[in-house]
Every structure is written in C-alpha cells, then in structure tokens.
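Below is one structure, written out as structure tokens; comments come after it.
Residue numbers (this note's numbering): 916 to 1116.
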C-alpha cells in the first residue's frame, strides 16, 4: 500500500530529487506541472495524498524517472510516487480535441531547487480532473471537490469537460449521483451547458 504524503513531505522529497538531479545530471533544468491531491496538499486544501501526479511534461525525462526511483528507495516510497499517469490518460482521451485553455492556468510556482520548479495547476483544471475521477462508489475525489468549495460555474465547466471525454449513459448516471452529493442537479447543469455556460473562455 502506498505511503501517504503530506504537502510538506512532498516538497521535501522534491528537494531531494533536485539535489539528486544536480549531482547526476548537472546543467539540466526541469519544470513539473502538478495536479490532483498533491497540488491540493501543497496548497493546504487536504492533509495528505498517495502520490504526485504530473500533467506536464507528458513524458517524464529520464533524469526525473531515475531520481524518483532513487528517492523512493531512500524514503521507502513507491517507485512511482511521482508519475505522469494523469497526463497519459488525457493524451489518450483528448488527443483529437485538445484540452480546454484553462489547463494552461497555473495557481502558483515553487522553485524547489535551482534546477527544478513545480507549478500547481489552476483551480478549474483541478476541479475538472477531480470530477472526471469521481464515481459514486469512490468518494475520495468528491470529497476533494467539496474541500475546494467549487461554485456552480466551476462545476458546469467541469461537467462539460467530463462529458467531452465520456458521454455514455453510464457516465451520465454516475455524474447524476456525484453532482447530487455536491448539491447540484445534473439536468440543470446540462441545460446550462446547452446555453453555452460551460464553454471554455
């Protein structure tokens, strides 16, 4: 079972990663765009998470992969405690349409070392990804959305994003239940999307 990580621990591990890269790959500089629970933990919206999801770069450079494995051994973490699984998912599902422009928004950046900077994904993209991952049988992501206090406009954009990936009846049924738990009505949200309220601006 993966070890839970606090925001402070994540930053400590990333500083170790920067030190490792400085020694093993001098002159190399990297920037990682962090999403998911790790971004929330660093921002103080939740206490801990299981891994660090990176959305950019879509393919992690070899020095990052090797460093992550090394730090994982030292700190007794999963060898993929930092990964690009979310980026791979988006690459498969949105390759033809592309992502909404708000996925380029960054809430803030942190230089964990002179050779390594992390940028935390913007709020709307964070909410949209959380809603995509949320299901009635797995409430963790729904709880995260509640912690973010997402408003109606943000939820509408998130639903538009999810339906752009998966508009099957099964997904709609799941969204109906998840949205009800969040205090929203699926049909009302869909009506807003039809009026253009969920469009990327």
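No residue lacks a Cβ here, since even glycine has one placed at the ideal position from N, Cα and C.
Report buried or exposed for residue 1098, applying the criterion of at least 16 other Cβ atoms within 10 angstroms of its Cβ. By the C-beta density criterion, residue 1098 is exposed, having fewer than 16 other C-beta atoms within 10 angstroms.
Quick one: residues in its chain with C-beta nearer than 8 angstroms to the C-beta of residue 1058, no 5 flanking neighbours on either side, listed in chain order? In its chain, beyond the 5 residues on either side, no residue has a beta carbon closer than 8 angstroms to the beta carbon of residue 1058.
Burial state of residue 1025 (16 or more Cβ within 10 Å): So residue 1025 counts as exposed.
Can you tell me whether DSSP reads residue 923 as helix, strand or coil? Residue 923 falls in the helix class under three-state DSSP.
If distances are taken between C-alpha atoms only, which option among 1065, 1102, 1106 and 1073 comes closest to residue 960? Ranked by how close their Cα comes to the Cα of residue 960, the residues 1065, 1102, 1106 and 1073 have 1065 in first place.
Could you give the C-beta distance for residue 1073 and residue 1043, rounded to a whole number, given that I count them as a contact under 8 angstroms? About 4 angstroms; that satisfies the 8 angstroms criterion.
Is the distance from the Cβ of residue 1046 to the Cβ of residue 1077 below 9 angstroms? In this structure, residue 1077 lies closer than 9 angstroms to residue 1046 by Cβ.
Which one or two residues does DSSP pair with residue 1025 in a beta bridge? DSSP output for residue 1025 lists 1033 as bridge partner(s).
Rounded C-beta distance between residue 1063 and residue 936? I'm assuming under 8 angstroms. Actually they are not in contact, since the Cβ atoms of residue 1063 and residue 936 sit about 32 angstroms apart, beyond 8 angstroms.
Based on the DSSP output, what are the partners of residue 1118 in its beta bridges? The structure shown has nothing for residue 1118, since the chain only spans 916 to 1116.
Nearest to residue 1023 by CA position, among 947, 1106 and 941, is which residue? The residue among 947, 1106 and 941 with its C-alpha nearest the C-alpha of residue 1023 is 947.
Contact belief for residue 978 with residue 930 at Cβ below 8 angstroms, rounded distance in angstroms: Residue 930 and residue 978 do not touch by the CB rule: their CB atoms are close to 15 angstroms apart, not below 8 angstroms.
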